[in-house]
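Working notes, beginning with the structure itself.
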Amino acid sequence: MAASKVYDFLYADHEKVASILSQIEEDGALKETAVRAQKGKDHKTGFSAKVGGLGGEIGTNRGHQYEVRQTYDPLWRNSRKLIEYIGRTSQKPELLIGQMCVMEGDLIAFDQSVLSKLMAATSMRDFIASGIKEDDDQKKSAQKKIRDKMKEAEVIQKYIETLGLSIQFVLCTLQTGFWFNINRDYLYLHETDIPLKYPITISGKWQILGIIDALPNDQFSLDHLYDAGASPHIPNMITHLAQLIWGTSVSFGRPLASYGLKPLAIFREIVLPAFKSS
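Counting along the sequence shown from 1, when you hit position 151 you're at 150 in numbering that gives the first Met the number 0, and nothing is skipped either side.
And the structure:
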């Protein structure tokens, strides 16, 4: 039977979807669907004879049957099933850590992997420095502040050269933004579609099935660990690295105002052409 809705999947993490469905479904996540049909006929073999004026037949019935088996790929059915399950059970999503929801909005995409190859350029250091917040210390001269920013930018530049940047997305909806990375293996776009076909936004409205895994303004704060008495267990190097990572995130990572999202599927409903009546 044909489905009432057909989805165009831009991204689908089949393994993660299956791991969740296996906990929801009584029999676990579907791995394979098979339809079987049997066909065959019986035929009779033997002979007839007359004994003492009585007639009769002696023989045996033998049947020949064969089986037709069709196997279907359930991966997309699993994604669809989870999408519809979450859609039925949720209304307006609560924006809390661990909340799974389906949201619709505008999709921004940018491939930063090319930046890893451009990091050696001096101009990239200036670009990084422009995104670093200026020191508020009034005792430092303007030139000293610029030198400090350039030193920090140089460290960030070397750090990013070793960091594997990838495709990043932002879903703009509910008057806020949801930032996330993706696994390229589950992305159904040509490798040059971003940025050649879609320089910034991917046309149309898109829906995302995902799990909220970060809140706005929660980046790089160790205060709650210090308040919990964890400071003796945090190496000094971690504190220094936190400053480095913060500068990198401001320029290349999740903005302070954005939620973090773990994407399970990116999709939109498509319209099939109507069948012509004969």
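Note that the Cβ used here is the ideal one computed from N, Cα and C, for glycine as well.
**Request:** Flag this pair as touching only if the region 246-254 and the region 162-181 have three or more C-beta atom pairs under 8 Å; answer yes or no.
**Result:** yes
**Spatially closest choice to VAL16 from ARG79, TYR6, GLU25 and ASP7, by CA coordinates** = Walking along the sequence shown from the start, residue 16 turns up at place 17. Across the set ARG79, TYR6, GLU25 and ASP7, the C-alpha of ARG79 shows the shortest separation from the C-alpha of VAL16.
**Item:** Rounded C-alpha distance that separates TYR225 from ASN216
**Value:** For the purposes of this step, residue 225 is taken as the residue at position 226 of the sequence shown. For the purposes of this step, residue 216 is taken as the residue at position 217 of the sequence shown. In a straight line, the C-alpha of TYR225 is about 18 Å away from that of ASN216.
**Coarse secondary structure for ALA17, derived from DSSP in three states** = For the purposes of this step, residue 17 is taken as the residue at position 18 of the sequence shown. Helix.
**Request:** Flag this pair as yes or no: are the beta carbons of ILE211 and LEU94 separated by less than 8 Å?
**Result:** Position 212 of the sequence shown, counted from the first residue, corresponds to residue 211. Position 95 of the sequence shown, counted from the first residue, corresponds to residue 94. Result yes, Cβ atoms of ILE211 and LEU94 sit closer than 8 Å.
**Item:** Straight-line Cα distance separating MET102 from GLY176
**Value:** The residue you call residue 176 lines up with position 177 of the sequence shown. The residue you call residue 102 lines up with position 103 of the sequence shown. Whole-angstrom Cα-Cα distance: 11 Å.
**As assigned by DSSP and simplified to three states, the class of LYS275** = Position 276 of the sequence shown, counted from the first residue, corresponds to residue 275. Reduced to three states, the DSSP call for LYS275 is coil.
**Prompt:** How about the region 114-123 and the region 235-247: do they share at least three Cβ pairs that are nearer than 8 Å?
**Reply:** The region 114-123, when compared against the region 235-247, does not touch it at the 8 Å Cβ threshold.
**Item:** SER202 versus TRP245: straight-line alpha-carbon distance, rounded
**Value:** Walking along the sequence shown from the start, residue 202 turns up at place 203. Walking along the sequence shown from the start, residue 245 turns up at place 246. C-alpha separation (whole angstroms): 32 Å.
**Message:** Do TRP205 and LEU349 have their beta-carbon atoms positioned less than 8 Å apart in this structure?
**Reply:** The requested residue 349 does not occur in the structure, where the chain is confined to residues 0 to 277.
**Prompt:** Contact check, MET149 vs ALA128 under 8 Å by CB: the rounded distance?
**Reply:** Stepping through the sequence shown from its first residue, residue 149 is reached at position 150. Stepping through the sequence shown from its first residue, residue 128 is reached at position 129. Yes, MET149 and ALA128 are in contact; Cβ-Cβ is about 5 Å, under 8 Å.
**Prompt:** Counting only runs that start and end within the region 172-203, where is the beta strand (DSSP E) found for 3 or more residues in a row?
**Reply:** 175-180
**Request:** Using three-state DSSP, classify LYS91 as helix, strand or coil.
**Result:** Translated into positions along the sequence shown, residue 91 becomes position 92. Coil, per DSSP.
**Prompt:** In the DSSP assignment, what are the bridge partners of MET118?
**Reply:** Position 119 of the sequence shown, counting from 1, holds the residue named residue 118. Paired residue(s): none; MET118 is not in a bridge.
**Message:** Quick check on DSSP: helix, strand or coil for ALA152?
**Reply:** Here residue 152 refers to the residue found at position 153 of the sequence shown. Helix at ALA152.
**Message:** Since LEU243 and TYR158 should fall inside the 8 Å C-beta cutoff, what is the C-beta to C-beta distance between them, to a whole number of angstroms?
**Reply:** Walking along the sequence shown from the start, residue 243 turns up at place 244. Walking along the sequence shown from the start, residue 158 turns up at place 159. About 6 Å separates the two Cβ atoms, so the contact holds.
**Item:** Alpha carbon of PHE274 to alpha carbon of ALA11, nearest angstrom
**Value:** If you number the sequence shown from 1, residue 274 lands on position 275. If you number the sequence shown from 1, residue 11 lands on position 12. When rounded, the distance between both Cα atoms is 29 Å.
**Asked** Distance, Cα to Cα, GLU151 vs MET118?
**Response** In the sequence shown, counting from the first residue as 1, residue 151 sits at position 152. In the sequence shown, counting from the first residue as 1, residue 118 sits at position 119. Cα to Cα, the separation comes out at about 14 Å.
**Item:** Nearest-angstrom Cβ-Cβ length linking TYR84 and ILE23, presumed shorter than 8 Å
**Value:** Residue 84 sits at position 85 when you count from the first residue of the sequence shown. Residue 23 sits at position 24 when you count from the first residue of the sequence shown. 7 Å between Cβ atoms; contact.
**Candidates LEU263, LEU271 and GLU268, of which the one nearest GLN98 by Cα** = Stepping through the sequence shown from its first residue, residue 98 is reached at position 99. It is LEU263.
**C-alpha gap between LYS196 and ILE181, whole angstroms** = If you number the sequence shown from 1, residue 196 lands on position 197. If you number the sequence shown from 1, residue 181 lands on position 182. Roughly 19 Å between the two C-alpha positions.
**Asked** Quick one: Cα of ALA213 to Cα of PRO92, how far?
**Response** Within the sequence shown, the letter at position 214 stands for residue 213. Within the sequence shown, the letter at position 93 stands for residue 92. So the alpha carbons of these two residues sit roughly 15 Å apart.
**Request:** Tell me whether the beta-carbon of LEU271 lies closer than 8 Å to the beta-carbon of PHE179.
**Result:** Residue 271 sits at position 272 when you count from the first residue of the sequence shown. Residue 179 sits at position 180 when you count from the first residue of the sequence shown. For LEU271 and PHE179, no; Cβs fall outside 8 Å.
**Asked** What residues are listed by DSSP as bridge partners for LEU279?
**Response** Nothing can be reported for residue 279, as the shown portion of the chain is limited to 0 through 277.
**Prompt:** If you draw a straight line from the C-alpha of TYR185 to the C-alpha of TYR258, how long is it?
**Reply:** If you number the sequence shown from 1, residue 185 lands on position 186. If you number the sequence shown from 1, residue 258 lands on position 259. It is roughly 22 Å from the alpha-carbon of TYR185 to the alpha-carbon of TYR258.
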